[in-house]
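Comments concern the structure below.
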Amino acid sequence: MPSISADSVDLLLESFNSKVKNVIDDIAPVKVSKTTGRQKSCWRKSTAVQSMKRQCRKAEQMWRRTKLEIHYSIYKDSLHAFNVELATARQKFFSNLINSNLNNTRTLFATVERLTNPPSQIPSEMLSNSKCNDFASFFSEKIINIRKVISTFSSYAEVTQIRLQFQKEVTLSVFEAIDSKTLEEIVQHLKSSTCKLDTLPTSFFKSVFNCLEADLLEVVNTSLLSGTFPNSLKTAVVKPLLKKSNLDNTILSNYRPISNLPFIGKIIEKVVFNQLNNYLNLNGYLDNFQSGFQPHHSTETALVKIINDIRLNSDSCKISVLVLLDLSAAFETVDHKILLERLENWVGLSGMALNWFRSYLEGRGYYVSIGEHKSKWTSMTCGVPQGSILASLLFSLYMLPLSKIMRKNVPGYDCNPGSPKGMRRCVKTLGERLQHKHALNHMCNQSNREARHHRRVTSRTRKL
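full-length UniProt numbering puts the first residue of the sequence shown at 1, with every later residue one more than the last.
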């Protein structure tokens, strides 16, 4: 098969977007119109609510023309009936949403959050290009400062030794081209969120997919086979979101960045994700005890495992030591060089597959957008893009040595005994102290029982 130029995918994507724009301009030329910027709630669009709204409007118009008391009374009754119907429709909407997602904790928590904490509005004084630049500088400097305090001096001897112990001979050197059926399934199953950088709204993109299928398939397969991710898809649109509704909305540190990426980029990522994930699962590279970012796993499964282990240890008179690790800006501080080393030496990626990830990580950037205002383009020299399909899987692979070190050194992890001297000494000392305390408590309880028994016997003897 002839080699494919790295520039080919960029040219194909540019041609694809140009064709789509020309067709759209011919069929539906751009017209400027003012909107409120607020979408109508789903329950307001129901037939019953719309009908009651029309009746209420007619009653109001009649009363305003005649100013009669009878027409005012009819208008009040119509308004009350409309509000009752609107409340009923809203209740029915959320009731159906909850009942249809009883086993989907993510949707349930999102619904509760939506009802209890409505999104906060950004104050008008923040709506400017200069404030967008301030946000971009703040988000960038935050990551730089966190990376400064991370120690760069470390010995990789133990990590390398563990890697060699778990390293396998299986490798992935190239991604396979997909067919139109696979592409259609991926497109239709992705969320219909739209990015400002998209040529078409995602919902409309899905509805006319049959017309775009051939060109899009060529773009995707060219990206896979050339080991190149399109440059135009490496930019993210970041929107500041207030962390909590009760925080001061004029302080930059009270906001978190929410990234939005182009839809075509997510399609290519999903294809790569599926092939990489299948390769990792077939060859057992992922950790068995990882609950995050894994299908059929969640915080619930992690808590069930922890509680079960603690109770089993308690029943066996063993000691449980719980170590918690919290990482600040975990995804944003991922080092690209270390991540590529993980992919190559820990997971076995090589050739075009490794080149694709190198291209995917290089040259990324973002700009902050608030309303119609936006900041300058800011380069991303580290981190995996938030909101991307591959971010969670790449972070899991980035942290892969941690699970291997735990498996080798921590007692009880994957039923593998043994620990480093410091941990073993700490656990032994703690265990001896707790066992000594348990023995003292047992002796005290036994002594108390014997004393109570002696008092009862003495009392009975006196009565006799």
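Just so it is clear, CB atoms sit at the ideal spot from N, CA and C, and this is done for glycine as well. Quick caveat: nothing in here was measured; it's all calculated off a predicted structure.
query	result
What separation, rounded to the nearest whole angstrom, lies between the Cα atoms of residue 206 and residue 273?	20 Å
Mind checking residue 51: buried by the 16 CB within 10 Å criterion, or exposed?	exposed
Taking buried to mean at least 16 other C-beta atoms within 10 Å of its own C-beta, is residue 195 buried or exposed?	buried
Between 339, 212, 321 and 259, which lies nearest to residue 139 when the distance is taken from Cα to Cα?	259
For residue 277, tell me which candidate among 129, 393, 369 and 131 has the shortest Cα-Cα distance.	393
Looking at the structure shown, is residue 87 part of a helix, part of a strand, or coil, going by DSSP?	helix
For residue 208, would you say it is in contact with chain B, using Cβ-to-Cβ distances shorter than 8 Å as the test?	Given the protein chain composition of this structure (a single chain), no chain B is represented.
How about residue 215 and residue 21: do their beta carbons lie closer than 8 Å?	no
Okay, do the segment 117–130 and the segment 237–255 touch, 3+ Cβ pairs below 8 Å being the bar?	yes
By the DSSP assignment, the beta strand (DSSP E) with residue 212 in it spans what residues?	Looking at the DSSP string, residue 212 is not in any beta strand (DSSP E); the run it does join, the alpha helix (DSSP H), is 209–226.
To the nearest angstrom, how far is the alpha carbon of residue 355 from that of residue 372?	37 Å
Would you list, in sequence order, the uninterrupted alpha helix (DSSP H) runs of no fewer than 4 residues that lie entirely inside the segment 42–83?	47–66
Who are residue 236's beta bridge partners in DSSP?	366
Hey, residue 82 and residue 53: beta-carbon distance below 8 Å or not?	yes
Around the Cβ of residue 426, are there at least 16 other Cβ atoms within 10 angstroms (buried) or fewer (exposed)?	No answer about residue 426 holds up, because its pLDDT of 41 lies below 50 and its placement is not dependable.
Just mark residue 417 as buried or exposed, buried being the case when its beta carbon has 16 or more other beta carbons within 10 Å.	Only weak support exists for where residue 417 lies, its pLDDT of 31 falling under 50; the value from the coordinates is given anyway. It counts as exposed.
Around the C-beta of residue 26, are 16 or more other C-beta atoms found within 10 angstroms, so that it is buried, or is it exposed?	exposed
Could you check whether residue 75 and residue 60 sit closer than 8 Å to each other, using their CB atoms as the reference points?	yes
Please name the residue in 143, 254, 316 and 265 whose C-alpha comes closest to that of residue 224.	265
Which term fits residue 47, buried or exposed, when burial requires 16 or more other beta carbons within 10 angstroms of its beta carbon?	exposed
For the putative contact between residue 389 and residue 270, defined by C-beta atoms under 8 Å, what is the C-beta separation to the nearest angstrom?	5 Å
With distances taken between CB atoms, is the gap from residue 229 to residue 331 smaller than 8 Å?	no
Looking at the secondary structure, which residues open and close the alpha helix (DSSP H) in which residue 396 lies?	391–398
Using the C-alpha atoms, what's the distance from residue 12 back to residue 377?	24 Å
Classify residue 245 as helix, strand or coil using the three-state DSSP reduction.	coil
Assign residue 316 to buried or exposed, taking buried as 16 or more other Cβ atoms, counted over all protein chains shown, within 10 Å of its Cβ.	exposed
Give the straight-line distance between the Cα atoms of residue 246 and residue 180, rounded to the nearest whole angstrom.	49 Å
Grab me the residues of residue 115's own chain with a C-beta within less than 8 Å of its C-beta, minus the 5 sequence neighbours each way, in chain order.	94
Which of the three DSSP states, helix, strand or coil, is assigned to residue 258?	strand
Less than 8 Å between C-beta atoms, sequence neighbours within five positions excluded: which residues of the same chain meet that for residue 111?	94, 97, 98 and 101
Just curious, the alpha helix (DSSP H) that residue 231 is in, first and last residue?	Per DSSP, residue 231 belongs to no alpha helix (DSSP H) and is neither H nor E.
Determine the closest residue to residue 279 out of 391, 66, 347 and 367, with distance taken between C-alpha atoms.	347
Less than 8 Å separating the beta-carbons of residue 326 and residue 403?	no
Just the Cα atoms here: how many angstroms apart are residue 184 and residue 177?	14 Å
Is the beta carbon of residue 262 less than 8 Å from the beta carbon of residue 197?	yes
Once DSSP output is grouped into helix, strand and coil, what is the label at residue 376?	coil
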